[in-house]
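Reviewing the structure listed below.
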Amino acid sequence: MVLKAFRFLLVHFRFRESLVEMDRLGVGSIPIVFFANIFAGLDMALQFSVVMAPYGATNMLGRVVATSIIRDLGPVLASLVMSARVTAGITSELGMMATTQQIEALMVMGVDPVDRLIAPKLLAGMLMLPILSVVGDLLGVLAGLVVAQFGANVPPPQFWSGVRTALTMANLVNGILKPFIFGFILVSIGCYYGIRTTGGAQGVGRATTKAVVLAAIWILIANFLISKFLIDIWGWKL
Amino acid sequence: MIRLEKVTLAYGESIILDSIDLVIPTGKTMVILGESGSGKTTILKCVLGTLRPASGRVLANDQEIGRLNEEELLRFRQRMGMVFQEGALFDSLTVGENVGFWLWEHTDFSDEKVEERVRTLLKFVGLETSIDQKPSDLSGGMRRRVAIARAMAAEDPVFMLYDEPTTGLDPFTSKSICDLMRRVQREFQSTNIVVTHDLTDAYRVGDLFTFIKDARVIQTGTRKEIENSSDPFIRTFLSLDL
Numbered sequence: 001m002v003l004k005a006f007r008f009l010l011v012h013f014r015f016r017e018s019l020v021e022m023d024r025l026g027v028g029s030i031p032i033v034f035f036a037n038i039f040a041g042l043d044m045a046l047q048f049s050v051v052m053a054p055y056g057a058t059n060m061l062g063r064v065v066a067t068s069i070i071r072d073l074g075p076v077l078a079s080l081v082m083s084a085r086v087t088a089g090i091t092s093e094l095g096m097m098a099t100t101q102q103i104e105a106l107m108v109m110g111v112d113p114v115d116r117l118i119a120p121k122l123l124a125g126m127l128m129l130p131i132l133s134v135v136g137d138l139l140g141v142l143a144g145l146v147v148a149q150f151g152a153n154v155p156p157p158q159f160w161s162g163v164r165t166a167l168t169m170a171n172l173v174n175g176i177l178k179p180f181i182f183g184f185i186l187v188s189i190g191c192y193y194g195i196r197t198t199g200g201a202q203g204v205g206r207a208t209t210k211a212v213v214l215a216a217i218w219i220l221i222a223n224f225l226i227s228k229f230l231i232d233i234w235g236w237k238l
Numbered sequence: 239m240i241r242l243e244k245v246t247l248a249y250g251e252s253i254i255l256d257s258i259d260l261v262i263p264t265g266k267t268m269v270i271l272g273e274s275g276s277g278k279t280t281i282l283k284c285v286l287g288t289l290r291p292a293s294g295r296v297l298a299n300d301q302e303i304g305r306l307n308e309e310e311l312l313r314f315r316q317r318m319g320m321v322f323q324e325g326a327l328f329d330s331l332t333v334g335e336n337v338g339f340w341l342w343e344h345t346d347f348s349d350e351k352v353e354e355r356v357r358t359l360l361k362f363v364g365l366e367t368s369i370d371q372k373p374s375d376l377s378g379g380m381r382r383r384v385a386i387a388r389a390m391a392a393e394d395p396v397f398m399l400y401d402e403p404t405t406g407l408d409p410f411t412s413k414s415i416c417d418l419m420r421r422v423q424r425e426f427q428s429t430n431i432v433v434t435h436d437l438t439d440a441y442r443v444g445d446l447f448t449f450i451k452d453a454r455v456i457q458t459g460t461r462k463e464i465e466n467s468s469d470p471f472i473r474t475f476l477s478l479d480l
């Protein structure tokens with residue numbers, strides 16, 4: 001199904017449907033993703049400042065907060081929040097379509113459901129999650145700056161200098177590759193369970209729960225595997 | 239013409255269709271009657287190619303459906319209209335978008351031309367004022383009418399398949415849907431299969447009738463032939479329904 005979706009993206013790209021999905025999946029998720037990242041940034045700066053203060057290391061706060069958010073927390077948090085919204089939405093939408101014969105109707109009308117329904121969603125997930133994640137990272141770091149300045153007395157220039165040192169190629173690749181892959185995971189799991197739904201409203205509920213749980217688990221597993229892979233490539237550099 | 243030759247289908251141990259032979263001549267309406275779960279809808283799915291029989295052949299105008307690859311099957315289905323039990327309208331689209339869906343997908347028509355065709359089809363089914371409504375705003379009967387209009391959107395639907403088109407409708411609406419199905423057949427000279435368990439509606443639309451019981455065809459014939467049948471199941475079915 002996924003390979004077929006990629007083939008359709010290459011040979012029969014649906015621009016309008018893809019834009020609609022980008023709006024629904026990406027733009028619609030902006031508030032919740034940004035909200036989650038801001039509070040994660042606030043909390044992370046707070047916790048690190050408590051741990052680092054006794055060692056007089058709060059001058060490193062900017063670097064530590066930015067590194068944590070860009071490499072790990074930002075992409076994972078954005079994806080988990082989006083899996084609750086996007087995976088659940090996709091599974092229930094496709095599940096409802098499957099149980100009310102709308103997918104069969106598509107096939108009867110000579111339209112491949114993978115082409116019409118899945119490929120645009122897959123593209124939207126893989127494009128929008130990195131964008132949301134990058135902007136979310138920025139907001140998380142800004143939130144960290146607030147705590148650093150008012151809670152840990154770290155001057156903003158010192159915090160920013162630390163943030164700049166965290167903007168390495170290794171960190172940036174981490175911060176973009178991860179949400180790209182997570183976007184693929186959360187959409188493809190949602191589509192897979194959605195399109196195979198049977199058993200009416202109860203079946204839709206079951207499929208949705210299963211898809212959201214599995215998407216979250218696979219995001220966490222993939223996060224570790226990608227981290228390991230990139231550390232093997234880039235070494236232990238921050 | 240649609241022809242099923244010794245079509246057999248099973249899910250595990252359970253046999254859904256057992257060596258089904260059926261011939262639906264061009265331009266005729268075959269009504270498939272039987273109890274719920276007897277395999278009636280499965281026959282439609284085999285004709286659509288969404289289910290492939292374990293053995294036997296399904297032919298539509300001498301084209302064997304089981305031999306078509308996925309792309310050929312999609313092309314083949316473009317000349318087929320299917321009306322699902324509850325209409326299966328796309329609930330995210332308006333009535334007009336549902337009816338125009340096939341045209342947007344398979345033709346290069348301008349939006350104006352599609353809208354013109356959609357209005358003609360909706361007028362045909364008596365729903366021209368509902369073009370901007372969502373399926374959720376329609377009654378059951380209206381949804382079936384829109385489904386019929388959508389099924390006719392292909393320029394020349396050669397085959398029309400109806401899966402319990404009047405189930406759950408009041409007698410007046412059922413009759414109007416049956417009348418509409420007759421008009422569709424006259425307009426397109428299509429070959430039709432109607433699955434139902436309602437004998438009154440079957441008589442309204444059918445030229446030929448087939449009774450299915452326990453996954454097997456027990457009799458096929460005209461109204462007169464089935465009314466004179468000596469088969470105990472058919473006799474009971476006829477006596478219960480009338």
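Protein chains in written order, with our numbering: chain D, 1 to 238; chain R, 239 to 480.
Where is the CB? At the ideal position from N, CA and C, for every residue including glycine.
Short CB-CB distance (under 9 angstroms) between residue i and chain D
| i | result |
| --- | --- |
| Phe426(R) | no |
| Asp349(R) | no |
| Leu247(R) | no |
| Asp375(R) | no |
| Leu360(R) | no |
| Leu476(R) | no |
| Met419(R) | no |
| His435(R) | no |
| Phe471(R) | no |
| Ala329(R) | Here residue 329(R) is Asp; the residue named in the question, Ala, does not match the sequence. Yes, Asp329(R) lies at the interface with chain D (some Cβ there is under 9 angstroms from its Cβ). |
| Leu197(R) | Nothing about residue 197(R) can be reported from this structure: the residues present for chain R run from 239 to 480 only. |
| Gln316(R) | yes |
Element boundaries [beta strand (DSSP E), containing residue i]
| i | result |
| --- | --- |
| Lys451(R) | Leu446 to Lys451 |
| Asn59(D) | Per DSSP, Asn59(D) belongs to no beta strand (DSSP E) and is neither H nor E. |
| Met318(R) | Met318 to Val321 |
| Asn430(R) | Thr429 to Thr434 |
| Asp401(R) | Phe397 to Asp401 |
| Thr267(R) | Thr267 to Gly272 |
| Gln371(R) | Note, Gln371(R): premise wrong, no beta strand (DSSP E); not H, not E. |
| Ile240(R) | Ile240 to Tyr249 |
| Gly294(R) | Ser293 to Ala298 |
| Gly199(D) | Per DSSP, Gly199(D) belongs to no beta strand (DSSP E) and is neither H nor E. |
The alpha helix (DSSP H) enclosing residue i, as first and last residue numbers
| i | result |
| --- | --- |
| Asp469(R) | Premise fails: Asp469(R) is in no alpha helix (DSSP H) and is neither H nor E. |
| Lys4(D) | Val2 to Val11 |
| Gln102(D) | Gln102 to Val108 |
| Arg313(R) | Glu308 to Arg315 |
With 16 other Cβ atoms within 10 Å as the buried cut-off, status of residue i
| i | result |
| --- | --- |
| Ala57(D) | exposed |
| Gly364(R) | exposed |
| Gln427(R) | exposed |
| Asp481(R) | As shown, chain R starts at 239 and ends at 480. That puts residue 481(R) outside it, with no answer to give. |
| Glu354(R) | exposed |
| Gln47(D) | exposed |
| Ala215(D) | buried |
| Glu425(R) | exposed |
Whole-number beta carbon distance between residue j and residue i, since they are thought to touch under 8 angstroms
| i | j | result |
| --- | --- | --- |
| Pro403(R) | Met380(R) | No, Pro403(R) and Met380(R) are not in contact; Cβ-Cβ is about 13 angstroms, not under 8 angstroms. |
| Gly151(D) | Pro75(D) | Not confirmed; about 25 angstroms, so no contact. |
| Val141(D) | Ile69(D) | 6 angstroms |
| Ala326(R) | Glu104(D) | 7 angstroms |
| Met107(D) | Arg315(R) | 7 angstroms |
| Ser133(D) | Val86(D) | No, Ser133(D) and Val86(D) are not in contact; Cβ-Cβ is about 13 angstroms, not under 8 angstroms. |
| Met109(D) | Trp342(R) | Rounded, the Cβ-Cβ distance is 11 angstroms, inconsistent with contact. |
| Leu282(R) | Ile431(R) | 6 angstroms |
| Ala5(D) | Leu129(D) | Ala5(D) to Leu129(D), Cβ: 16 angstroms. No contact. |
| Glu350(R) | Arg295(R) | No, Glu350(R) and Arg295(R) are not in contact; Cβ-Cβ is about 44 angstroms, not under 8 angstroms. |
| Val356(R) | Val337(R) | 5 angstroms |
Euclidean distance between Cα positions of residue i and residue j
| i | j | result |
| --- | --- | --- |
| Tyr55(D) | Gly235(D) | 27 angstroms |
| Thr280(R) | Lys266(R) | 20 angstroms |
| Thr246(R) | Ser257(R) | 5 angstroms |
| Met96(D) | Pro373(R) | 14 angstroms |
| Arg196(D) | Gln149(D) | 52 angstroms |
| Leu255(R) | Arg290(R) | 11 angstroms |
| Asn299(R) | Arg305(R) | 14 angstroms |
| Ile90(D) | Ser83(D) | 10 angstroms |
| Thr264(R) | Thr429(R) | 5 angstroms |
| Gly125(D) | Met398(R) | 38 angstroms |
| Phe35(D) | Gly26(D) | 14 angstroms |
| Leu220(D) | Lys210(D) | 16 angstroms |
CB contact below 9 angstroms: residue i versus chain R
| i | result |
| --- | --- |
| Gln202(D) | no |
| Thr198(D) | no |
| Thr58(D) | no |
| Gly28(D) | no |
| Asp112(D) | yes |
| Val108(D) | yes |
| Thr100(D) | yes |
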